[in-house]
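With the working numbering, the residue at position 24 of the sequence shown is 17, and numbering never jumps. For each residue, glycine too, the CB sits at the ideal point set by N, CA and C. What follows is a single structure, written as C-alpha cells, with notes after it.
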Amino acid sequence: MSLVLRKVDSSFCATEVDGELVMIHSGTGKFFSLKGVGLEIWNALDRQANLEAISADLVQEYGISAEECAAAVEGFASQLVAAGFAEFV
-6 MSLVLRKVDS
4 SFCATEVDGE
14 LVMIHSGTGK
24 FFSLKGVGLE
34 IWNALDRQAN
44 LEAISADLVQ
54 EYGISAEECA
64 AAVEGFASQL
74 VAAGFAEFV
C-alpha cells in the first residue's frame, strides 16, 4: 500500500468544533465530518502523506492487525478522494 495522499486545500473550508472537524467542499457543497481516528488520519497528512506509514503508526497506537488497518486507512483515503478533499499522488 505505498499510496501517497495529499489534501486539496483549495477545494474546501474547514472548522473544528468540540474535537470534530467539519469540512465543506467549495465546489460541490458536500461536507465531511471527521472525529476520532478519521481526524487523526487527516491530521497525519500534514506530517506524512504515505498511507503505509500512517497505517503503521495506527497499528502501533491501537494494537490492531496491519492488514485490517491498511484496508481501513485505504478505504478512508478513497472516500476523501471521492469527495474531492484529497488526491492520490
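Restricted to the region 10 to 39, the alpha helix (DSSP H) segments that are unbroken, complete and at least 4 residues in length are 29 to 37, listed in chain order. For F69, the enclosing alpha helix (DSSP H) begins and ends at 59 to 76. The alpha-carbon separation between S3 and E54 amounts to approximately 31 Å. Straight-line measurement puts the Cα of G22 at about 16 Å from the Cα of L14. 8 Å or more divides the Cβ of A70 from the Cβ of A63.
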